[in-house]
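Protein chains: 2
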Amino acid sequence: MSGAKVRLFVDHPLGAGQSVPLSRDQAHYLFGVMRLGEGDAVALFNSRDGEWRAEITEARKKAGELTCVDQTAPLRMPPDLWLLFAPIKKARTDFIVEKAAEMGAAKIVPVQTEFTNSERIRQDRLQAHAIEAAEQCGGTYVPEVAELQRLDRLLEAWDPARRILWADEGLADHSAQTRPEGEGPWAILIGPEGGFSPAERARLAALPFVQPVRLGPRILRADTAAVAAMTLWQVTLGDWV
Amino acid sequence: MSGAKVRLFVDHPLGAGQSVPLSRDQAHYLFGVMRLGEGDAVALFNSRDGEWRAEITEARKKAGELTCVDQTAPLRMPPDLWLLFAPIKKARTDFIVEKAAEMGAAKIVPVQTEFTNSERIRQDRLQAHAIEAAEQCGGTYVPEVAELQRLDRLLEAWDPARRILWADEGLADHSAQTRPEGEGPWAILIGPEGGFSPAERARLAALPFVQPVRLGPRILRADTAAVAAMTLWQVTLGDWV
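Chains as they are written, first to last, in this note's numbering: chain H, 0 to 240; chain U, 0 to 240.
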C-alpha cells in the first residue's frame, strides 16, 4: 500500500523521479475536493507500470504536477475475461461497468441485441466509470470499454478460442451447469431486460464455444447477473481461485 | 407462468375464488400506470400461498378487486440465508436490498458497525424495495427487512447454530477460503465502506460460528460484495446447486 488516501489513474508513464502533469479535472479533484497540497502523497497507476507513490510537487488552481517516488504495487493484470452486456437504463448500465471493473474484467463490450432498447452509449462516460471503479477498488488496471457493437456481427467475427459463458435466463427452471469449464480466454454474455430473442437463443445455443450457465431459480436483473456470473467465473477459473 | 404481465405482492390470503382488495397505490399502479382493466390477468403472491393467476373484477380510480383463478406456481421458500449489511449511501443501500431479494435471501438485516455512517434507515422504504424486487424476479417470497441493529448486540444474542460467512476485505491479499462450508442456517455479513474496526475484526475472527471468505484480490464495494458472497453461498449450499 502507498499510504496515500487518494488513488488516481493517469495516462502517463510512471517511474522513479518521473513527473506527471495533472489535467484540469484532476487538479480540481485533488486540490479543490480532496484538499491536498504540495508534499501530500497520491497513489498513481496507469494500467502498465503498477502503482506508484507520488508526491504533489506543484499545486495550482487548475493544474499541477506530481513526482513519482517509489513503486508500491506491481502491475496486476486481470484474467483474460471480457464482459459482454446489452446496455439498459442509464444508471444500471453505469453500474454494470463499475462492477465489471471491480470484479476484474479485462475488457467491457456493450452489445446491441434484438431486444436492446438503447441504440447509443456514451463510451467516454462509461470509460470514466471504469476508471473511477479501478481507482476505488485498488486495481492497477483499467478495463477498456469498447464502443457499442451488434451482437450478430460480433458473433460472426468471433475468435472461437475465446469461450463465451452465456447467462441465459431461459435456463432458470432447467438443470444446467453452474460453473464454466475450460482454461483460456473467456467472455461472459449477459442479456438485456426481456432476454434474448428466439433467433439469438437458437444461434447462441448452436455455437460450440458458447456454454450456457444457470444463475439460480429467480430471474436476475442484468446488473445482478453480471456480478453473479463474474463471481462464478472468477472463483472457478480466474484470480479469486 | 401465469401469462400475466404484472406480478403483485399482496398481504392477503390467496386461493381459488378468493377475492383480494387492492390498496390505493396498487390500484393506481395497475389501472393508471399499467393501464389494465376489468378482465385482465395479474399474478399475485403473498409469501405463503405460491403464485396465483387473478382476474381484475373491479377497477376504480383509487380502489379495485382481484379474484384468484388458479395457482400458477407453488410457494418456493428461499434457503435459510440472512444477509447482514451495514447501510451505506442511500442508492447503494436500496441496491443491496434489491439484490438480496433477487439472489434469494430469506431475511435482510441492516447492522450498525463502528464505521457505519448512517444511524437510521427507513425500514418501510427498504421493505418496499424488497417487495418490488420479488415482483420483478419471479419469486414467490419477500424477504423481511429488519430494523437497524447494532452489530455488537446482534452478535451477543446470536444463535451459534447459524453460521456467518464474513466477507472480510482485510483478507484480500491473503489466502482464505472461497466457499462456505457446512449445512444448516447461514448469514452473510458484509462490512461498511472503510471495513470493520480492529475490535470488530478481532471479535469476529474469534467467534467459532464465523467463517471468513475471500472475494478476490480487489476491494469490492459493499453492494458488489453482497452479490458476490451470495453467489458463492447459493452455488455451494443454496438453491442454485
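In this text, a Cβ means the ideal position worked out from N, Cα and C, and glycines have one as well.
From residue i to residue j, what distance separates their C-alpha atoms?
| i | j | result |
| --- | --- | --- |
| residue 155 of chain U | residue 206 of chain U | 11 angstroms |
| residue 59 of chain U | residue 145 of chain U | 34 angstroms |
| residue 139 of chain H | residue 113 of chain U | 29 angstroms |
| residue 167 of chain H | residue 32 of chain H | 43 angstroms |
| residue 226 of chain U | residue 225 of chain H | 10 angstroms |
| residue 104 of chain U | residue 187 of chain U | 9 angstroms |
| residue 172 of chain U | residue 217 of chain U | Residue confidence for residue 172 of chain U is low, a pLDDT of 48 falling below 50, so the modelled location carries little weight and cannot support an answer. |
| residue 95 of chain H | residue 96 of chain U | 17 angstroms |
| residue 5 of chain H | residue 41 of chain H | 5 angstroms |
| residue 232 of chain U | residue 159 of chain H | 32 angstroms |
| residue 62 of chain H | residue 131 of chain U | 47 angstroms |
| residue 235 of chain U | residue 223 of chain H | 18 angstroms |
| residue 99 of chain U | residue 90 of chain U | 14 angstroms |
| residue 241 of chain U | residue 133 of chain U | No statement about residue 241 of chain U is possible, as the shown extent of chain U runs from 0 to 240 and does not include it. |
| residue 195 of chain U | residue 118 of chain U | 16 angstroms |
| residue 198 of chain U | residue 128 of chain U | 33 angstroms |
| residue 26 of chain H | residue 124 of chain H | 19 angstroms |
| residue 10 of chain H | residue 34 of chain H | 23 angstroms |
| residue 141 of chain H | residue 107 of chain U | 33 angstroms |
| residue 57 of chain U | residue 67 of chain U | 13 angstroms |
| residue 122 of chain H | residue 101 of chain H | 18 angstroms |
| residue 78 of chain H | residue 39 of chain U | 50 angstroms |
By alpha-carbon positions, which one of the options ends up nearest to residue i?
| i | options | result |
| --- | --- | --- |
| residue 162 of chain H | H/238, H/130, H/80, H/66 | H/80 |
| residue 189 of chain U | U/182, U/210, U/181 | U/210 |
| residue 204 of chain H | H/184, H/165, H/107, H/194 | H/165 |
| residue 92 of chain H | H/220, H/235, H/230 | H/220 |
| residue 148 of chain H | H/177, H/85, H/232 | H/85 |
| residue 192 of chain H | U/176, U/30, U/136 | U/136 |
| residue 29 of chain H | H/47, H/18, H/3 | H/3 |
| residue 45 of chain H | H/134, H/8, H/68, H/19 | H/8 |
| residue 240 of chain U | U/69, U/182, U/71 | U/182 |
| residue 18 of chain U | U/61, U/27, U/69 | U/69 |
| residue 37 of chain H | H/50, H/55, H/122, H/201 | H/55 |
| residue 176 of chain H | H/12, H/151, H/213 | H/213 |
| residue 64 of chain U | U/76, U/118, U/102, U/24 | U/24 |
| residue 126 of chain H | H/101, H/215, H/143 | H/143 |
| residue 82 of chain H | H/229, H/237, H/179, H/234 | H/229 |
| residue 87 of chain H | H/215, H/115, H/180, H/153 | H/115 |
| residue 185 of chain H | H/199, H/157, H/26, H/20 | H/157 |
| residue 238 of chain U | H/236, H/194, H/100, H/215 | H/215 |
| residue 75 of chain U | U/47, U/43, U/110 | U/47 |
| residue 110 of chain U | U/198, U/153, U/10, U/90 | U/153 |
| residue 72 of chain H | H/150, H/199, H/13 | H/13 |
| residue 16 of chain U | U/26, U/52, U/10 | U/52 |
| residue 179 of chain U | U/208, U/200, U/201, U/66 | U/208 |
| residue 151 of chain H | H/43, H/201, H/141 | H/201 |
| residue 43 of chain U | U/21, U/78, U/57, U/77 | U/21 |
Which residues mark the beginning and the end of the alpha helix (DSSP H) in which residue i is found?
| i | result |
| --- | --- |
| residue 95 of chain H | 89-102 |
| residue 134 of chain H | 122-136 |
| residue 232 of chain U | 221-235 |
| residue 25 of chain H | 23-26 |
| residue 197 of chain H | 197-205 |
How would you list, in chain order, the residues of chain H whose beta-carbon sits under 8 angstroms from the beta-carbon of residue i?
| i | result |
| --- | --- |
| residue 239 of chain U | 177, 213, 214, 215, 216 |
| residue 32 of chain U | By Cβ distance, chain H contributes nothing, its closest Cβ being about 17 angstroms from residue 32 of chain U, past 8 angstroms. |
| residue 233 of chain U | 215 |
Which residue comes first and which comes last in the beta strand (DSSP E) that contains residue i?
| i | result |
| --- | --- |
| residue 150 of chain H | Taken as a continuous stretch (DSSP letters only), residue 150 of chain H belongs to no beta strand (DSSP E), being part of the alpha helix (DSSP H) at 150-155. |
| residue 163 of chain H | 162-166 |
| residue 6 of chain H | 6-8 |
| residue 159 of chain U | Looking at the DSSP string, residue 159 of chain U is not in any beta strand (DSSP E), and its letter there is neither H nor E. |
| residue 211 of chain H | 209-212 |
Considering only DSSP beta bridges, list what residue i is partnered with.
| i | result |
| --- | --- |
| residue 84 of chain H | H/109, H/189 |
| residue 18 of chain H | H/66 |
| residue 44 of chain H | H/8, H/50 |
| residue 218 of chain H | The partner list for residue 218 of chain H (beta bridge, DSSP) is empty, contrary to what the question assumes. |
| residue 32 of chain H | None, per the DSSP bridge assignment. |
| residue 72 of chain H | H/50 |
| residue 58 of chain U | U/63 |
| residue 118 of chain H | DSSP lists no partner for residue 118 of chain H. |
| residue 144 of chain H | H/107 |
Residues of chain U with CB under 7 angstroms from residue i, in chain order?
| i | result |
| --- | --- |
| residue 227 of chain H | 226, 230 |
Along chain U, which residues have their Cβ under 8 angstroms away from the Cβ of residue i?
| i | result |
| --- | --- |
| residue 76 of chain H | Within chain U, no residue comes near residue 76 of chain H; the closest Cβ sits about 11 angstroms away, beyond 8 angstroms. |
| residue 49 of chain H | Those do not exist, as residue 49 of chain H stays about 14 angstroms from chain U at its closest Cβ, beyond 8 angstroms. |
Can you pull the chain H neighbours of residue i, defined as C-beta to C-beta under 9 angstroms?
| i | result |
| --- | --- |
| residue 209 of chain U | Near residue 209 of chain U there are no residues of chain H at all, since even the closest Cβ is about 20 angstroms away, more than 9 angstroms. |
| residue 220 of chain U | 97, 98, 101, 132, 135, 136 |
Residues of chain U with CB under 9 angstroms from residue i, in chain order?
| i | result |
| --- | --- |
| residue 92 of chain H | The premise fails here: residue 92 of chain H is roughly 14 angstroms from chain U at the closest Cβ pair, so nothing lies under 9 angstroms. |
query = Taking a cut of 9 angstroms between CB atoms, which residues from the stretch 130-146 of chain H lie near chain B?
reply = The structure shown has no chain B; the protein chains it does contain are H and U.
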